[in-house]
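S.K.: One structure, as structure tokens, below. Some questions next.
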Amino acid sequence: MTSMSHAPEPRPATGGALMPTPQPATRETPLAGVRNPMPALIAVFAVYLVLLAWIVLWKLDVPWIGGVQRVIKLVPFVPSGGDGASAPSEVVANLLLFVPFGVYLGLLAPSWPWWRVAGTVAGASLSLEATQYVLAIGSSDVTHLIVNAAGSLVGIGVLALARRRLQARTAAVMGRICSIGTVLAVLACGILVASQLRYGPPRELPVSSMHSVAVPDTGTPGR
Numbered sequence: 001m002t003s004m005s006h007a008p009e010p011r012p013a014t015g016g017a018l019m020p021t022p023q024p025a026t027r028e029t030p031l032a033g034v035r036n037p038m039p040a041l042i043a044v045f046a047v048y049l050v051l052l053a054w055i056v057l058w059k060l061d062v063p064w065i066g067g068v069q070r071v072i073k074l075v076p077f078v079p080s081g082g083d084g085a086s087a088p089s090e091v092v093a094n095l096l097l098f099v100p101f102g103v104y105l106g107l108l109a110p111s112w113p114w115w116r117v118a119g120t121v122a123g124a125s126l127s128l129e130a131t132q133y134v135l136a137i138g139s140s141d142v143t144h145l146i147v148n149a150a151g152s153l154v155g156i157g158v159l160a161l162a163r164r165r166l167q168a169r170t171a172a173v174m175g176r177i178c179s180i181g182t183v184l185a186v187l188a189c190g191i192l193v194a195s196q197l198r199y200g201p202p203r204e205l206p207v208s209s210m211h212s213v214a215v216p217d218t219g220t221p222g223r
């Protein structure tokens, strides 16, 4: 008869307890004794969303409602229906504005696939476009949906490159970079708005608010 071989049983440690099997370290796992950075990252992400909505909806101006014709442009990038083509500077600006959106979602939800991140950003962008239409504060353009979603994918790509280089330190380093960048953006917007209020050209006053100037009487002309 052949003898059956059995796997060696784990040796008990001192006191009869089994020695725990060491587990491999997972990527981006918080170290022991390190404070969880997620609450702070969520707070900074909320600040970024508020700033993003202010820039997209009101272009850093005082929030207002109405006064702009409601326009929906369904054909992206090219002129259509009397509307001009998308300006390259506007396309690049929208792309850059939404890159941090992809980075934030990649840090807060690392298990999401890229298409879910892009879909979430496209949904948020659609909400902003619908808000512009409802409040009559700007034109709604399909170009913005495409470019904004592409910006989030760029952010996912940046985060993927950071993971390859930083490994377990990705969440801490990229979270710190996003936080500093958001704070600097808030300060820059505040300085820009303050400079416009102080050094901007005076607004035109309505005719009813202008004071009439009395014309001095020169007297009756001589004969």
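Take 1 as the starting number for the sequence shown in UniProt numbering and just add one per residue.
Note that beta-carbon positions come from the ideal geometry of N, C-alpha and C, so glycine has one too.
Predicted, not measured: the structure shown is a model, and the values here were computed from it.
1. From R70, G102, D141, pick the residue whose C-alpha is nearest to that of A160; which is it?
2. Quick check on DSSP: helix, strand or coil for S111?
3. By DSSP, does T26 sit in helix, in strand, or in coil?
4. Which residue from L187, Q196, I146 puts its Cα closest to that of V92?
5. From the DSSP output, in three-state form, read off V34 for me.
6. Would DSSP call S139 helix, strand or coil?
7. Q69 to V134, Cα distance in whole Å?
8. Give the DSSP-derived three-state secondary structure of I72 in the structure shown.
9. With a threshold of 8 angstroms, are at least 3 pairs of Cβ atoms found where one atom belongs to the stretch 43–61 and the other to the stretch 111–120?
10. Look at V44 and C189 and say whether their C-beta atoms are less than 8 angstroms apart.
M.R.: Looking at the coordinates:
1. The sequence position of residue 160 within the sequence shown is 160, counting from 1. Comparing Cα positions, the closest option is G102.
2. Position 111 of the sequence shown, counted from the start, is the residue given in the question as residue 111. Three-state DSSP puts S111 in coil, outside helix and strand.
3. Looking up residue 26 in the sequence shown gives position 26. Any reading at T26 must be qualified, since the residue scores a pLDDT of 45, below 50, and its modelled position is unreliable; the value itself is stated next. Of the three classes helix, strand and coil, the one that applies to T26 here is coil, per DSSP.
4. Translated into the one-based positions of the sequence shown, residue 92 becomes position 92. With distances taken between Cα atoms, V92 lies closest to I146.
5. The residue labelled residue 34 in the question sits at position 34 within the sequence shown. With a pLDDT of 43 at V34, under the threshold of 50, the modelled position of this residue cannot be trusted; read the value that follows with caution. Residue state, collapsed to three classes: coil.
6. Counting from one through the sequence shown, the residue named residue 139 turns up at place 139. Here S139 sits in coil by DSSP.
7. Residue mapping note: residue 69 aligns to position 69 of the sequence shown, counting from 1. Residue mapping note: residue 134 aligns to position 134 of the sequence shown, counting from 1. Roughly 11 angstroms between the two C-alpha positions.
8. Counting from one through the sequence shown, the residue named residue 72 turns up at place 72. Strand.
9. no
10. Residue numbering aside, residue 44 sits at position 44 when the sequence shown is read from its first letter. Residue numbering aside, residue 189 sits at position 189 when the sequence shown is read from its first letter. No.
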